[in-house]
Amino acid sequence: MEQRQAVIAIKAENATYTLPVRQINIGSILNQLGKSLLPQDIKIQIEISKPTADTMKLVENSAVRGGFTLVVPPLNFTVKAKYGDTTIEVTKFSAYVEKTIAIPVGVDPNKITTGIVIEPDGTVRHVPTKVVVIDGKYYAKVNSLTNSTYAIVWHPKEFKDVAQHWAKNAVNDMGSRMVIGGIGNELYNPDQDITRAEFVAIIVRGLGLKLENGTSPFKDITSTDWYSRAIQTAYAYKLISGLEDGSFHPGDKITREQAMTIISKAMKITGLEVSRDDIKVSGELLSPFADASNVSKWAESSIVDCLQAEIIAGRSSTQLSPKAYISRAEVATLVQKLLQKSGLI
């Protein structure tokens with residue numbers, strides 16, 4: 011375990027689990043075992059296995075409720091640390107870990123929308139997934155920050171009111187991936203503004219983060235609010251910090267510069283890196299916009315990150331509109347580009 015740059019690749023008949031050794035937090039494992047142990051005393055067990063009959067039933071019920079079709083049967087991916095009779099399950103990583111799942115012969119790879127995690131309570135969440143070809147065979151490459159039960163699904167979504175909209179592709183793609191939802195009657199309302207809570211919930215879903223449970227970090231959010239766990243999760247991953255008075259203002263509409271600040275932080279999670287020659291890059295990227303002076307100082311570096319990564323553009327060639335409220339269409343496009351530029355979809 012001393013070779014921290016090493017990568018472990020576990021291959022099963024229909025899946026591969028690629029795990030960088032540095033993602034196994036040996037220090038945390040030693041603390042949990044509570045003994046004076048050396049890293050070499052611990053055995054790491056990595057498994058790819060079929061779920062139990064009870065889990066399969068849970069997945070099938072989730073598919074009926076969620077309106078999706080299982081394209082590839084679910085698989086369990088687990089990492090365990092063992093010492094003597096004590097076993098600790100490693101469930102969380104600090105960076106994305108890759109699982110590659112074979113698509114069965116005869117399955118149309120174009121009829122795959124995403125990979126999902128099935129939680130023990132039957133709820134599902136999207137995890138960034140893309141279809142790749144390796145040695146002439148199709149695979150779903152899934153990236154996530156946790157271990158769990160994974161499945162590959164078909165969940166096509168087309169919203170009626172984006173058929174002629176500039177954001178049609180992004181909206182339908184993110185809807186099909188279970189990242190965004192509509193307003194009912196197969197409508198999305200793409201040009202509507204979005205609240206701070208709604209935006210954070212979408213970012214958390216887009217990144218495939220497991221929802222946290224705990225006490226709200228903000229005084230104006232309670233555990234009964236629908237967005238409470240998403241806000242907790244975003245706070246835990248340092249995507250948000252709230253206001254100086256300890257509040258978050260979840261119902262306020264979110265501006266483009268506020269959204270870009272969160273996206274810039276999300277780039278750190280996805281590993282999307284940009285140049286840090288701040289003065290030069292800021293000038294080059296912001297100079298085309300006549301309203302660049304409207305950018306808040308606290309948001310400038312984040313906006314530059316997003317522009318440089320080509321995740322966002324101005325509302326026109328000369329207008330960045332940092333103080334304007336971001337629309338639902340723009341949000342879908344932002345998240346899609348973040349995941350695409352990060353190589354996750």
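Residue numbers (our numbering): 11 to 355.
Ideal Cβ positions, reconstructed from N, Cα and C, are used throughout, including at glycine.
Remember, predicted model here, so these are calculated numbers, not experimental data.
Next item on the list: Examine the Cβ distances between the region 85-101 and the region 184-196 and report whether three or more of them are shorter than 8 Å.
Entry: no
Check: Does the beta-carbon of serine 104 have 16 or more other beta-carbons within 10 angstroms, so that it is buried, or is it exposed?
Finding: exposed
Next item on the list: Please classify isoleucine 231: is it buried, with 16 or more other beta-carbons within 10 angstroms of its beta-carbon, or exposed?
Entry: buried
Note to self: Between which two residues does the beta strand (DSSP E) holding isoleucine 190 run?
What the structure shows: No beta strand (DSSP E) holds isoleucine 190; DSSP gives it neither H nor E.
Next item on the list: Can you tell me the Cβ-Cβ gap for isoleucine 213 and alanine 276, rounded? I've got them flagged as a contact below 8 Å.
Entry: 6 Å
Next item on the list: Please name the residue in Ala334, Lys248, Asn120 and Pro83 whose C-alpha comes closest to that of valine 127.
Entry: Pro83
Next item on the list: Throw me the rounded Cβ distance for the serine 251 and lysine 229 pair, which I believe falls under 8 Å.
Entry: That belief does not hold up - the Cβ atoms of serine 251 and lysine 229 are roughly 14 Å apart, past 8 Å.
Notebook entry, point to check: In or out: glutamine 202 buried (at least 16 other Cβ within 10 Å) or exposed?
Noted result: exposed
Note to self: Taking the alpha helix (DSSP H) that aspartate 348 belongs to, which residues open and close that run?
What the structure shows: Inspection of the sequence shows that residue 348 is occupied by leucine rather than by aspartate. Per DSSP, leucine 348 belongs to the alpha helix (DSSP H) from 338-351.
Notebook entry, point to check: Since arginine 75 sits in a beta bridge, which residues does DSSP pair it with?
Noted result: According to DSSP, which records beta bridges pairwise, arginine 75 is partnered with nothing at all.
Notebook entry, point to check: Which residue or residues does DSSP assign as beta-bridge partners of threonine 139?
Noted result: Val152
Margin query: In whole angstroms, give me the CA-to-CA distance for threonine 243 and tyrosine 106.
Written below: 16 Å
Item checked: For alanine 246 and methionine 11, the rounded distance between their alpha carbons -> Only weak support is given to the placement of methionine 11: the predicted model assigns it a pLDDT of 46, under 50, and the value that follows is read from those uncertain coordinates. Each residue's alpha carbon lies about 28 Å from the other.
Check: Alpha carbon to alpha carbon, how far is serine 306 from alanine 180?
Finding: 28 Å
Notebook entry, point to check: Since tyrosine 149 and isoleucine 111 are thought to touch, with beta carbons under 8 Å apart, how far apart are those beta carbons, to the nearest angstrom?
Noted result: 6 Å
Next item on the list: Within 10 angstroms of the Cβ of valine 74, are there 16 or more other Cβ atoms? Answer buried if so, exposed if not.
Entry: exposed
Notebook entry, point to check: Where does the unbroken alpha helix (DSSP H) through tryptophan 308 begin, and where does it stop?
Noted result: 307-318
Next item on the list: Please go through the same chain and pick out, in chain order, the residues whose beta-carbon is closer than 6 Å to the beta-carbon of glycine 261, but skip the five residues on each side of it.
Entry: Thr205
Check: If you run the structure through DSSP and keep just helix, strand and coil, what is serine 331?
Finding: coil
Check: According to the neighbour-count rule (16 or more other Cβ atoms, all chains shown, within 10 Å of its Cβ), is valine 142 buried or exposed?
Finding: exposed
Check: Could you give the distance in angstroms between the alpha-carbon of histidine 259 and the alpha-carbon of leucine 296?
Finding: 29 Å
Check: For glutamate 340, which residues of its own chain have a beta-carbon under 7 Å away from its beta-carbon, when the five flanking residues on both sides are left out?
Finding: none
Checklist line | Under the three-state DSSP convention, the category tyrosine 160 falls into | finding: strand
Notebook entry, point to check: Can the beta-carbon of threonine 79 be found closer than 9 Å to that of valine 152?
Noted result: no
Margin query: Using only the alpha-carbon positions, how far apart do cysteine 316 and glutamate 310 sit?
Written below: 10 Å
Item checked: Collapsed DSSP secondary structure at isoleucine 113 in the structure displayed -> coil
Notebook entry, point to check: What first and last residue would you give for the beta strand (DSSP E) that runs through leucine 29?
Noted result: 25-30
Checklist line | Contact the region 20-40 vs the region 50-61: 3+ CB pairs below 8 Å | finding: yes
Check: Hey, out of Thr328, Glu294 and Lys90, whose CA is closest to aspartate 301's CA?
Finding: Thr328
Notebook entry, point to check: Is it right to say leucine 10 is buried, meaning 16 or more other beta carbons lie within 10 angstroms of its own, or is it exposed?
Noted result: Past the boundaries of the shown model lies residue 10; the chain is included only from 11 to 355, so the question cannot be answered.
Check: Helix or strand or just coil, what does DSSP make of glutamate 222?
Finding: coil
Check: In this structure, does DSSP put glutamate 12 in helix, strand or coil?
Finding: In this prediction, glutamate 12 scores a pLDDT of 46, lower than 50, which makes its location untrustworthy; no coordinate-derived value is stated.
Note to self: Once DSSP output is grouped into helix, strand and coil, what is the label at asparagine 199?
What the structure shows: coil
Check: Is it true that the CB of leucine 349 sits closer than 9 Å to the CB of glycine 192?
Finding: no
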